[in-house]
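Here is the structure we will look at.
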Amino acid sequence: MSSPRPDRNPISLVAKLAAQVQFLQSAAKVSQLPRPSVPEIAIAGRSNAGKSTALNVICDRRRMAFASKTPGRTRLINLFSLVWHEQELGRLVDLPGYGYAAVDASTLRAWQQQLSRYLAGRQNLAGLILVTDIRHALGPLDRQMLSWFGQRQRPVHLLLTKADKLNRAEQQHCLAKAQKALEAAAPAWGQPVSVSLFSGLKRTGREAVLDQIGLWLGLDSPGQKKTGSTAAGDNAFVKAPAQGGEAGDMTSVV
Ligand code: GDP
């Protein structure tokens, strides 16, 4: 008999799943990945953006469990299983940090090839969380990642991390700027993009990310879908025209 699916409170249940996340496997190449048997959520970001810190906070890890600082795992695709009653419901996939300066050109090309292959081709990829420093959001490397993912018609969540480096007004300014840039680019990407503020240092902004993970993995319950509010808040959902919304149409997910 199959185990009951967690379906009551999407945030606390997905938080629970995230807190119990289990290392599954590392892969140097897309061809070494496990079977695409459950939905995967990829987490990407340029080196030093704060991706490992964000993953540790999202999964409520106190000590570095995630990837980019774990010896031997820095250049690999690292997969973590979200497990409920011994049943794998989804995976978090920590992609190698891109834009790392201290590697030679051919190594860089090989990474880029694997990243683009994963993003453009992995059939069970449910969504992408793109971690970006709030002060340098949507730089050329971020846009490159989005363009690899762009034809998939799958959602992206832009996580503006290191928000603690800015005051409240500056945070709101950067949030609005990122939303505007995403709206402008939405027709080309053709995918829904949401944005939220995050601080690994202060451990804030975790719920919005967990909320997205829950939605993408289908762990939300219909009565608790969080759309329809007009307040932009710290998190916003930018509908891509391909999904039926008008460019510029924003709905809070708070
Ligand atoms: P990664 O290379 O993207 O995995 O980046 P890390 O998570 O290792 O973070 C890079 C640096 O930024 C480290 O020195 C972290 O302590 C720092 N850092 C990460 N997140 C935050 C944050 O939210 N606020 C601040 N102030 N520093 C952060």
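Numbered according to my numbering, the sequence shown spans residues 23 to 276. Note that the Cβ used here is the ideal one computed from N, Cα and C, for glycine as well. Computed from a predicted model, the values in this text were never measured in an experiment.
Taking the Cα positions, G72 is about 8 Å away from G222.
Taking every protein chain shown into account, the CB of E192 has fewer than 16 other CB atoms within 10 angstroms, so this residue is exposed.
By the C-beta density criterion, Q234 is buried, having at least 16 other C-beta atoms within 10 angstroms. Between I156 and I63, the alpha-carbon positions lie close to 21 Å from each other. Note on geometry: alpha-carbon atoms of A207 and L114 lie some 26 Å from one another. Distance from the CA atom of L180 to the CA atom of Q109, rounded to whole angstroms, is 29 Å.
Just so you know, the alpha carbons of A49 and L188 end up roughly 36 Å apart.
Around the Cβ of T129, a 10 Å sphere holds fewer than 16 other Cβ atoms; the residue is exposed. Relative to Q166, the option among I80, G67, L39 whose CA is nearest is G67.
Taking 3 residues as the shortest admissible run, the segment 123-191 contains the following complete beta strand (DSSP E) segments, listed from N- to C-terminal end: 147-155, 178-183.
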